[in-house]
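Note that this note's numbering has the sequence shown beginning at 9, numbered continuously upward. The C-beta atom is built at its ideal place from N, Cα and C for all residues, glycine as well. Report on the structure given below.
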Amino acid sequence: MTLADRSFDQAYHSNHSANRNNDNAALHRLGKRPQLKRNFGYMSMVGFSTTLMATWEPLGALIQAGLVNGGPVSLVYGFILCFLGTLATAASLGELASMAPTSGGQYHWVYLLAPPSANIWLSYLTGWVSVLAWVAATATPAFLGATLLQGLFVLNDPDGYVYLRWHGTLLFFAILLLSVAVNIWLIKFLPYLETIILVLHVGMFFAIIVPLVYLAPQHSAEFVFTDFESLFGWDNRGVAWCIGLLTCAFPFTGYDGAAHMSEEIEEAEIVVPQALITSVALNGLLGFAFLIALLFSCGNLETTLQTPTGYALIQIFYAATNSTKATNAMTCGIVASAVAAVLALLASASRTTWAFARDHGLPFSGWLAKVNSTRAVPINAIATTTLCCMLLGLINIGSTAAFYAIVGVTTVALYFTYIMPVVMITIKKVRGEHIAYGPWRLGKWGLPINLFSIVYSIFISIFLFFPTALPVTALNFNWTVVVFFGVILISMGYWVVFGRRQFHGPVKEMVD
9 MTLADRSFDQ AYHSNHSANR NNDNAALHRL GKRPQLKRNF GYMSMVGFST
59 TLMATWEPLG ALIQAGLVNG GPVSLVYGFI LCFLGTLATA ASLGELASMA
109 PTSGGQYHWV YLLAPPSANI WLSYLTGWVS VLAWVAATAT PAFLGATLLQ
159 GLFVLNDPDG YVYLRWHGTL LFFAILLLSV AVNIWLIKFL PYLETIILVL
209 HVGMFFAIIV PLVYLAPQHS AEFVFTDFES LFGWDNRGVA WCIGLLTCAF
259 PFTGYDGAAH MSEEIEEAEI VVPQALITSV ALNGLLGFAF LIALLFSCGN
309 LETTLQTPTG YALIQIFYAA TNSTKATNAM TCGIVASAVA AVLALLASAS
359 RTTWAFARDH GLPFSGWLAK VNSTRAVPIN AIATTTLCCM LLGLINIGST
409 AAFYAIVGVT TVALYFTYIM PVVMITIKKV RGEHIAYGPW RLGKWGLPIN
459 LFSIVYSIFI SIFLFFPTAL PVTALNFNWT VVVFFGVILI SMGYWVVFGR
509 RQFHGPVKEM VD
């Protein structure tokens with residue numbers, strides 16, 4: 009090694025050592041002891057957060073919900089609304105993450121910002137909902153990938169294969185178990201995998217959109233930008249339009265996963281906010297282009313929506329290419345993206361569970377908060393998160409609306425956790441109270457951005473509890489309200505019996 013090489017190597021390691029010291033100092037200020045390895049940098053975290061969201065892929069899978077409730081008008085203009093609202097929320101959360109870069113994320117920020125008279129209870133409630141949100145978020149792409157595969161079975165063997173919902177549940181379990189294996193035994197390779205997956209995520213976008221644009225029969229611009237549909241029983245056009253927003257709102261969730269990986273990121277105070285904004289912006293651009301291509305290429309709505317595969321997306325691919333093999337390849341690209349998203353989601357979900365257990369917010373917190381000393385990962389939290397995902401997936405066996413229920417729970421719960429800390433910091437800004445900002449802040453635009461984020465999030469959340477179809481039956485019932493408020497009731501019950509004696513806010517492991 010030459011003198012120049014040695015100098016470069018020394019400078020490189022010195023810089024990384026300084027970054028780690030700064031990150032550890034930030035954790036110490038929050039009273040937390042570093043326990044996890046900092047494997048992620050800016051590019052790997054952008055890849056992680058972007059593929060975790062994977063906006064254009066679930067947008068395609070959910071498109072039929074928007075087509076029947078509001079139609080293209082709901083999808084196009086709803087997407088623009090959700091994109092702008094999500095950018096505002098991501099910027100708001102980025103400012104918070106720069107102030108307190110901890111895996112606890114929202115519940116920790118609520119504790120720091122809420123009035124002392126209520127901060128423990130509000131932090132506790134936010135923590136429970138955050139765990140629910142990330143469990144449901146992890147289950148969603150796993151369920152999507154599993155049932156897309158089932159749709160391909162129907163397409164390839166329409167006479168021989170009998171579509172049974174429990175088949176999809178078993179495939180769902182298989183995807184989750186694969187993700188567990190990666191998160192435990194291959195965790196040190198996850199940053200490199202996420203960078204590669206980011207390239208594939210963008211590459212697959214072009215590989216899929218080009219055949220749609222060039223091969224599919226095209227609708228008119230009038231249809232794409234002005235057509236309204238309400239095919240599921242809602243007579244009120246405004247309500248139908250708002251319900252159709254689920255298709256656009258869900259793909260713009262999960263970007264806060266970067267915040268929950270803060271304790272594994274170098275220069276987290278800067279990298280986390282940057283990753284949040286970059287991933288939302290990139291996914292928004294890809295998602296909008298894919299949406300427009302799908303709407304121009306969706307063909308006859310009746311044929312598309314009544315496909316035996318269960319997914320309008322598969323029918324659109326098949327109508328465009330007139331080839332089973334091409335449809336298989338394009339759909340498998342979506343499935344691969346879904347599996348990649350589960351890898352990242354399980355990592356974030358388990359860190360959220362681990363962080364909340366570390367602060368004694370959950371049953372069996374001592375066991376859940378353990379970190380494997382050999383692999384430096386919270387194996388117990390990973391296993392528990394996976395088990396909860398499996399239990400949530402059992403809804404599929406008894407209800408055809410299972411996917412939309414899981415999507416609804418994910419979206420409502422995540423939006424709740426976004427609203428809480430943003431409301432708290434907004435109150436402080438309005439009152440002119442002191443705020444200990446981090447190195448990344450919104451400046452004079454902070455308050456209007458925060459206010460827009462709050463109004464948008466509340467508006468979206470209200471309609472996620474509505475049934476997607478009328479009349480409501482046992483099969484199409486929206487289970488979102490049952491699961492979400494069921495967890496709220498369980499958390500309140502646990503608080504009364506145990507929680508109020510165990511949870512006193514984020515635990516200070518390090519004392520100055």
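Of all the options the options, which has the alpha carbon lying nearest to the alpha carbon of residue i?
i, options, result
"Leu104", "Ile466, Val495, Thr425", "Thr425"
"Leu455", "Phe474, Val431, Ile468", "Val431"
"Ala257", "Phe296, Ala189, Met500, Leu376", "Phe296"
"Leu157", "Ala145, Thr335, Leu44, Phe48", "Thr335"
"Val4", "Leu70, Ser187, Val505, Gly113", "This structure gives no information on residue 4, because the portion of the chain shown stretches from 9 to 520."
"Ser187", "Gly168, Ile457, Ala346", "Ala346"
"Gly1", "Ala365, Phe240, Ala352", "No information on residue 1 is available, as it lies outside the stretch 9 to 520 that the chain covers here."
"Gly262", "Arg37, Ile285, Ile278", "Ile285"
"Ile390", "Leu179, Leu38, Ile195", "Ile195"
"Val438", "Ile324, Ile414, Asn458", "Asn458"
"Tyr319", "Tyr412, Val495, Val137, Leu395", "Tyr412"
"Leu302", "Ser331, Val218, Gly211, Thr476", "Val218"
"His512", "Tyr464, Leu92, Asn127, Pro109", "Asn127"
"Ala108", "Phe493, Gly159, Ile433, Val490", "Ile433"
"Thr392", "Ile414, Met428, Leu354", "Leu354"
"Ala141", "Thr361, Leu313, Gln43", "Thr361"
"Gln282", "Gln323, Tyr50, Glu65", "Tyr50"
"Leu239", "Gln72, His442, Val515", "Gln72"
"Phe197", "Arg383, Met428, Thr315, Tyr326", "Arg383"
"Ala224", "Pro514, Thr329, Phe260, Ala122", "Thr329"
"Leu89", "Gly252, Lys40, Ser138", "Gly252"
"Ile470", "Ala349, Ile427, Asp243", "Ile427"
Given a threshold of 16 other Cβ atoms within 10 Å of its Cβ, counted over all protein chains shown, does residue i qualify as buried or as exposed?
i, result
"Asn6", "Not covered by the structure: residue 6. The range shown for the chain is 9 to 520."
"Asp367", "buried"
"Val46", "The residue you asked about is not Val; residue 46 is Arg in the sequence shown. Label assigned to Arg46: buried."
"Ala421", "buried"
"Ser22", "Confidence in Ser22 is poor, its pLDDT being 45 and thus under 50, which makes the residue's placement unreliable; the coordinate value appears in the next sentence. That one is exposed."
"Tyr20", "Its pLDDT being 36, under 50, Tyr20 is placed unreliably in this model, and the coordinates cannot settle the point."
"Leu201", "buried"
"Asn77", "buried"
"Val232", "buried"
"Leu254", "buried"
"Leu321", "buried"
"Phe493", "exposed"
"Val415", "buried"
"Leu160", "buried"
"Gly501", "exposed"
"Glu230", "exposed"
"Asn404", "buried"
"Val505", "exposed"
"Lys333", "exposed"
"Asn291", "buried"
"Gly86", "buried"
Along the alpha helix (DSSP H) that carries residue i, what are the first and last residues, could you check?
i, result
"His209", "198–223"
"Asn191", "173–193"
"Ile128", "127–164"
"Gln114", "114–121"
"Pro80", "79–107"
"Leu254", "254–257"
"Val232", "229–234"
"Ile496", "488–502"
"His368", "Premise fails: His368 is in no alpha helix (DSSP H) and is neither H nor E."
"Phe511", "It is not in any alpha helix (DSSP H) - Phe511 carries neither H nor E in the DSSP assignment."
"Phe460", "454–471"
"Ser238", "Counting along the chain, Ser238 falls outside any alpha helix (DSSP H), and DSSP gives it neither H nor E."
"Arg41", "Element bounds for Arg41: n/a, residue is neither H nor E."
"Glu65", "64–69"
"Ser111", "Per DSSP, Ser111 belongs to no alpha helix (DSSP H) and is neither H nor E."
"Tyr50", "50–61"
"Val247", "245–251"
Step through the CB atoms of chain D and report whether any lies within less than 8 angstroms of the CB of residue i.
i, result
"Ile435", "This model lacks chain D altogether; it includes just one protein chain."
Within 7 angstroms: the Cβ of residue i and any heavy atom of the ligand NAD?
i, result
"Ala147", "Summarising the ligand content, the structure contains no ligands, and the ligand NAD is consequently not present."
Q | Given 8 angstroms, three or more beta-carbon pairs between the region 195–209 and the region 48–58 | A | Yes, the region 195–209 is in contact with the region 48–58.
Q.
I'd like to know if the region 108–118 and the region 254–273 are in contact, where contact means that at least 3 CB-CB pairs between them fall below 8 angstroms.
A. At 8 angstroms Cβ cutoff, the stretches touch.
Q.
With a threshold of 8 angstroms, are at least 3 pairs of Cβ atoms found where one atom belongs to the region 72–89 and the other to the region 236–250?
A. Yes, they touch.
Q) Taking only runs of the beta strand (DSSP E) that begin and end inside the region 298–340, which ones reach a length of at least 3 residues, in chain order? A) Within the region 298–340, no complete beta strand (DSSP E) run reaches 3 residues.
Q) Using 8 angstroms as the Cβ pair cut-off and three pairs as the minimum, do the region 136–150 and the region 301–318 touch? A) No, the region 136–150 does not touch the region 301–318.
(Q) My parser needs the beta strand (DSSP E) runs of 3 or more residues fully inside the region 262–295; what are they? (A) Counting only runs of 3 or more, we get nothing.
(Q) Check whether the region 393–401 and the region 90–99 touch, using three or more Cβ-Cβ pairs below 8 angstroms as the test. (A) Touching, no.
Q: Jot down the residue ranges of each uninterrupted alpha helix (DSSP H) in the region 341–426, minimum 4 residues, whole runs only, in chain order.
A: Listed in chain order, the alpha helix (DSSP H) runs fully inside the region 341–426 are 373–376, 387–401, 403–406, counting runs of at least 4 residues.
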